[in-house]
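Colleague: For the sequence shown, the numbering used here gives the first residue as 107, with consecutive numbering after it.
Quick reminder that beta carbons are idealized off the backbone N, C-alpha and C, glycines included.
For clarity, every value in this text was computed on a predicted model and none was experimentally measured.
Attaching a single structure in structure tokens format; questions to follow.
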Amino acid sequence: MKPPSPLKIHFDQGTLILDGPSDILSQFDYLRHDRRTENFRCYAYFYSQLVLDLRKKKISYQDHCRQYNEISLSMKTRQSPRSFQKEALEKWLKQRWGYVVLPTGSGKSFLALMAMEKVQRSTLVIVPTLDLMNQWYSLIETYFGWEPGLIGGGYYEIKEITITTYDSAWTHMEHLGNRFGFLIFDECHHLPGESYSFAAKFAIAPFRLGLTATPERSDGKEEDLKEYLGKEIYRKRIKELAGSTLSEYQIRKVFVGLTAEEEEEYRLAREEYLQFIRKNSISFSHPKGWDKFIRLSCRSEEGRKAFQAYLRQKQILQSSRSKFQILLQLLKKHCHDKIIIFTNDNATVYEISKSFLLPAITHQTKIKERKALLEGFQKGDFHVIVTSKVLNEGVDLPEANVGIVLSGSGSVREHVQRLGRLLRKKEGKEAILYEVVVQNSSEVYTSQRRGDHEAYQ
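Given below as structure tokens:
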């Protein structure tokens with residue numbers, strides 16, 4: 107009797123297609139019958155599970171899917187890993203899936219390089235920004251002597267080691283998903299986004315490592331990481347590493363008031379905005395509360411006025427006269443330190459830049475100018491930079507030791523990232539993060555929310 111033909115596994119636009127008897131394939135609950143092709147199909151990230159299940163059941167198969175290679179990687183530049191990096195690597199190697207939570211400046215990237223050397227497979231590194239893409243390019247060149255490929259920022263060059271952005275990854279992964287055996291998701295808290303998750307779902311890679319300082323998300327979707335990246339396998343907190351791997355630090359909260367004119371304008375704007383919120387039963391504690399506010403504010407003149415009032419009361423707090431006065435005092439006090447001033451919006455950045463004659467970096471800053479400003483800050487050509495959100499992650503500024511948060515969101519992640527910009531270890535360095543808050547205003551509650559992290563306790 108002729109033995110049954112082996113199952114055939116093919117990669118097709120981010121999915122796996124299986125040719126074989128339905129009585130066998132229907133055993134696997136992650137496979138779905140595709141009536142269009144009369145095959146069974148699943149997302150590509152089930153590849154490892156599928157191969158494991160077929161082997162367990164001793165079902166023969168032909169793999170027409172895998173196109174990644176084993177590669178020979180050896181570090182040209184050697185450095186001794188820290189004990190917690192060794193521990194994290196050992197735990198990850200047991201699963202070869204999962205994510206590691208380490209503070210900014212503690213060596214997450216080096217941990218990933220150690221994992222690459224162990225895995226020895228075609229690797230795709232996925233990052234949120236072009237700055238990080240450039241940093242990873244330099245790291246791989248320095249440590250391995252390889253010139254990696256780049257996808258994003260005007261580049262499309264695929265090599266055995268390639269670096270891309272989340273934006274480019276989810277766009278191209280349906281064609282690249284079988285080309286890499288190891289995926290590294292830097293700042294992996296971005297991954298559960300509605301589009302970005304396809305960067306993981308459309309790939310067959312059996313080896314996956316996520317890196318983040320703050321996996322928690324306001325929408326709770328960090329739970330999705332377990333499905334297509336793996337669970338949290340290791341964590342070290344800022345306080346555990348402060349003074350050894352990271353700089354010692356202080357958090358100082360400074361309360362200021364409004365002028366009588368600002369206070370009255372703030373009260374009227376907030377009253378108008380809150381009246382609309384109450385009338386329409388909008389709760390910002392609900393995950394979709396903000397979406398509801400935006401949706402309803404577009405439908406009537408009353409709603410549009412309420413939204414304008416919301417913006418006006420925020421702007422009064424963000425650029426109050428007293429904040430600018432305290433900023434001047436802090437700049438004088440720390441005239442010999444390296445300072446980053448953080449705000450919540452670009453308008454305040456440019457207002458501070460103009461008032462104090464300070465260099466500013468926003469998302470509108472041209473690449474060459476941004477590079478020159480960051481290099482000038484590091485070299486000591488100037489000692490202050492004003493920014494909004496673009497320096498929250500992915501920028502290495504070891505010289506910075508003072509941060510001044512004039513305004514920000516209620517996001518815990520954003521606040522931790524801003525602290526992280528100051529914590530790169532340097533001999534004799536102690537970091538200070540100032541948070542300037544308008545008392546008796548909504549900023550007090552916002553400050554409490556973003557301070558809900560062990561680093562601030």
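(1) Quick check on the burial criterion: 16 or more other C-beta atoms within 10 angstroms. Buried or exposed for T270?
(2) Can the beta-carbon of L529 be found less than 7 Å from the beta-carbon of L539?
(3) Taking DSSP's pairing of strands, which residues face C148 in a bridge?
(4) Taking the C-alpha atoms as reference points, what is the distance between V225 and F313?
(5) Do A311 and F288 have their C-beta atoms within less than 7 Å of each other?
(6) With 16 other CB atoms within 10 Å as the buried threshold, where does E263 fall?
(7) Between the beta-carbon of L402 and the beta-carbon of G395, is there less than 7 Å?
(8) Per DSSP, K214 is paired with what?
(9) Given that a residue counts as buried once 16 or more other Cβ atoms are within 10 Å of its Cβ, and exposed if not, what is K495?
(10) Closer than 8 Å by C-beta to Q356: which residues in its own chain qualify, once you throw out the five before and the five after it? Chain order, please.
(11) For the region 418-476, which segments carrying the beta strand (DSSP E) assignment without a break, of at least 3 residues, lie completely within its bounds, in sequence order?
(12) Helix, strand or coil, according to DSSP, for L160 in the structure here?
(13) Can you grab the Cα-Cα spacing for the pair Y302 / V518, in whole Å?
(14) For the beta strand (DSSP E) that E612 lies in, which residues bound it at each end?
(15) For L219, which option in T468, A466, G316 and D502 has the closest C-alpha, if you only look at C-alpha atoms?
(16) Using only CA atoms, which one of T268, Y205, G259 and L497 lies nearest to C294?
(17) Between which residues of its own chain and L236 is the CB-CB distance below 6 Å, once the five residues before and five after are set aside?
(18) Starting from the Cα of E176, find the closest Cα among V207, R227, V550 and S189 and give me that residue.
(19) When the Cα of K438 is compared with those of E505, I510 and S324, which residue comes out closest?
(20) Apart from the five residues on each side of it in sequence, which residues of its chain come closer than 8 Å, Cβ to Cβ, to C441?
(21) With a cut-off of 8 Å, do at least 3 Cβ pairs link the region 158-165 to the region 140-147?
(22) At which residue ranges does the region 335-391 contain complete alpha helix (DSSP H) runs of 4 or more residues, listed in the order of the chain?
(23) From the DSSP output, in three-state form, read off V233 for me.
(24) What would DSSP say about T248, mapped onto helix, strand or coil?
(25) Which of the three DSSP states, helix, strand or coil, is assigned to D169?
(26) Would you list the residues sitting across from K114 in a DSSP beta bridge?
(27) For the alpha helix (DSSP H) containing Y551, list its first residue and its last residue.
(28) Decide if K460 is buried, meaning its Cβ has at least 16 other Cβ atoms within 10 Å, or exposed.
(29) Quick one: any contact between the region 415-423 and the region 343-356, if contact means 3 or more CB pairs under 8 Å?
Modeller: Looking at the coordinates:
(1) Buried: at least 16 other Cβ atoms inside 10 Å.
(2) Between L529 and L539, the C-beta gap is not smaller than 7 Å, which leaves the two residues out of contact.
(3) In DSSP, C148 forms a bridge with L122.
(4) V225 and F313: Cα-Cα distance of roughly 8 Å.
(5) Contact flag set, yes.
(6) Burial call: exposed.
(7) Not a contact, by the Cβ cut-off of 7 Å.
(8) Residue pairing for K214: DSSP places it in no beta bridge.
(9) So K495 counts as buried.
(10) Cβ-Cβ distances below 8 Å link Q356 to E536, A537, I538 and L539 in the same chain, with the five nearest sequence neighbours on each side left out; the list follows chain order.
(11) The region 418-476 contains these whole beta strand (DSSP E) runs: 445-448.
(12) Reduced to three states, the DSSP call for L160 is helix.
(13) Those two C-alpha atoms are separated by around 21 Å.
(14) One cannot answer for residue 612 here, as it falls past the ends of the chain, which runs 107 to 563.
(15) In terms of CA proximity to L219, G316 leads the group T468, A466, G316 and D502.
(16) With distances taken between Cα atoms, C294 lies closest to Y205.
(17) Once the five neighbours on either side are set aside, the close Cβ partners of L236 are G259.
(18) Of the candidates V207, R227, V550 and S189, the one whose C-alpha sits nearest the C-alpha of E176 is R227.
(19) Comparing Cα positions, the closest option is I510.
(20) Excluding sequence neighbours, C441 sits near H489.
(21) Short answer: they don't touch.
(22) Listed in chain order, they are 344-347 and 366-385.
(23) V233 sits in a strand when the DSSP states are folded into three classes.
(24) Reduced to three states, the DSSP call for T248 is helix.
(25) Per DSSP, reduced to three states, the secondary structure at D169 is strand.
(26) According to the DSSP secondary-structure assignment, K114 is paired through a beta bridge with D125 and Q168.
(27) S548 to R556 is the extent of the alpha helix (DSSP H) around Y551.
(28) With fewer than 16 Cβ atoms within 10 Å of its Cβ, K460 is classed as exposed.
(29) Cβ pair count under 8 Å is below three, so no.
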